[in-house]
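Engineer:
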Ligand SMILES: [Zn+2]
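In this note's numbering, the protein residues as written are 53 to 514.
(1) Run the CB neighbour count on residue 309, radius 10 Å, all protein chains shown included, and call it buried at 16 or more, exposed below.
(2) Would you mind giving the Cβ-Cβ distance between residue 137 and residue 252, rounded to the nearest angstrom? I have them listed as a contact below 8 Å.
(3) As a quick check of your reading: which residues have a C-beta less than 5 Å from at least one non-hydrogen atom of ligand 1, in chain order?
(4) Helix, strand or coil for residue 259? Go by DSSP, reduced to three states.
(5) Count the other C-beta atoms from every protein chain shown that fall within 10 angstroms of the C-beta of residue 496, then say buried if there are 16 or more, exposed otherwise.
(6) Are the CB atoms of residue 284 and residue 53 within a distance shorter than 8 Å?
(7) Checking the sheet assignment: what are the DSSP bridge partners for residue 205?
(8) Whether or not the segment 231-251 and the segment 320-339 are in contact is what I'm after, with contact meaning three or more pairs of Cβ atoms, one per stretch, closer than 8 Å; do they touch?
(9) How is the alpha helix (DSSP H) around residue 309 delimited, first residue to last?
(10) Determine whether the beta carbon atoms of residue 403 and residue 423 lie at a separation below 8 Å.
(11) What residue range is occupied by the uninterrupted alpha helix (DSSP H) comprising residue 401?
(12) Just checking my contact of residue 436 with residue 395 at CB under 8 Å: how many whole Å lie between their CB atoms?
(13) Pull up the distance between the alpha-carbon of residue 132 and that of residue 125, whole angstroms please.
(14) When you compare each of 119, 214, 219 and 216 to residue 178 by their alpha carbons, which one comes out closest?
(15) When you compare the CB positions of residue 320 and residue 363, do they come within less than 8 Å of one another, or not?
(16) Between residue 451 and residue 376, how many whole angstroms is the CB-CB distance? I'm expecting something under 8 Å.
(17) Any idea which residues DSSP pairs residue 68 with across the strands?
(18) Given this structure, state the Cα-to-Cα distance separating residue 62 from residue 216, to the nearest angstrom.
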């Protein structure tokens, strides 16, 4: 029984999908105007764990992740400039070039962390007609109004506003509002922004030339692919109070009922106990980590050792000790791969149950990794344990198989062994089987196995 913490109730709930055996889920993806830092990456490690654990439980997934390539303003409060447009100006490239460059790097990063990619990747600029239709639907429902700079959602028309953020519309807020914008309420948000002629990304609409607001993108894309009701929506906790609150308002106003059953949020990744910032120079990317000797999987392992709902403090000392732990895990797995011992069936079953209980308890990956360590340390070195780790790795995605742990095992055969292999090959050519066997035993006693096949002689460290 899988339990997940639903942000709508802030409680762990038993997960029950709308359709038996199938999960429909949407994950807020990146705005591809710059390099994604490791704080962004934590959200995708979380999505990966969720997807893998759902699959481990036998569910099939229809997943969507968006790529925002227009409409995300520098402030979530509907002011500032479009991040994509701004990056294009700075780098003297077109917004499309910016999106394809940083989008490409983003997916390279995900693949390097062995992230299980969603079935559907949607680009905002490919869904403009659906966004316009969505806004028209809201307009028909009486949820919108038009002012100088765009079409806005009227939060006071949506009685359930504030489910995620616990914002109370009746209270007065000292929100910063541009003087020339006459919003009816500080929480009202743009659905469609009118733009100046020199704006590169703009589309015609029933209200005038402009571009979509950021929140409407996610609603239109999730609705287009997943329909009127879907199971899970994920995102970073920084999206909870504005972006997701506004998505709920749009979705539920448009459809006339609750659209998403479970909202899941991963917590922040802090650096040196603070927020990452460009001015502090600590917006690290996976590439920065690699330059200091930590692989993308070292970073993933570091993330998995903290529950997704808790904040993580990243320091280079912390990832260093985590990477040492990851290495000792891999060393133990190798010992079991080469082990000749036996482990009782019911003991294996009990480890499997403990692992499953951990991941199904709101994706408790730190506990699951702990259970795996206990098994690896405590049991006779045995291939059966190695095989069970391979099963566990379907939920973790840490590439714990022998070929990933020892990618260079064939190349790293010492010269002394290679010389013996050559002698043995020579003996085989001369059909001196006795000598060939004797040499094979010597090689074996030095810790290497020799296998002959059509492709040639294969040497492996035992
Ligand atoms: Zn979103």
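C-beta: ideal position from N, C-alpha, C; glycine also. All figures in this text were calculated on a predicted structure; none of them were measured in a lab.
Structural biologist: From the atom records:
(1) exposed
(2) 6 Å
(3) 80 and 270
(4) coil
(5) exposed
(6) no
(7) 196 and 241
(8) no
(9) Here residue 309 belongs to no alpha helix (DSSP H), and DSSP marks it neither H nor E.
(10) yes
(11) 397-412
(12) 5 Å
(13) 6 Å
(14) 119
(15) yes
(16) About 18 Å; that fails the 8 Å criterion.
(17) Answer is none; residue 68 lacks a bridge partner.
(18) 9 Å
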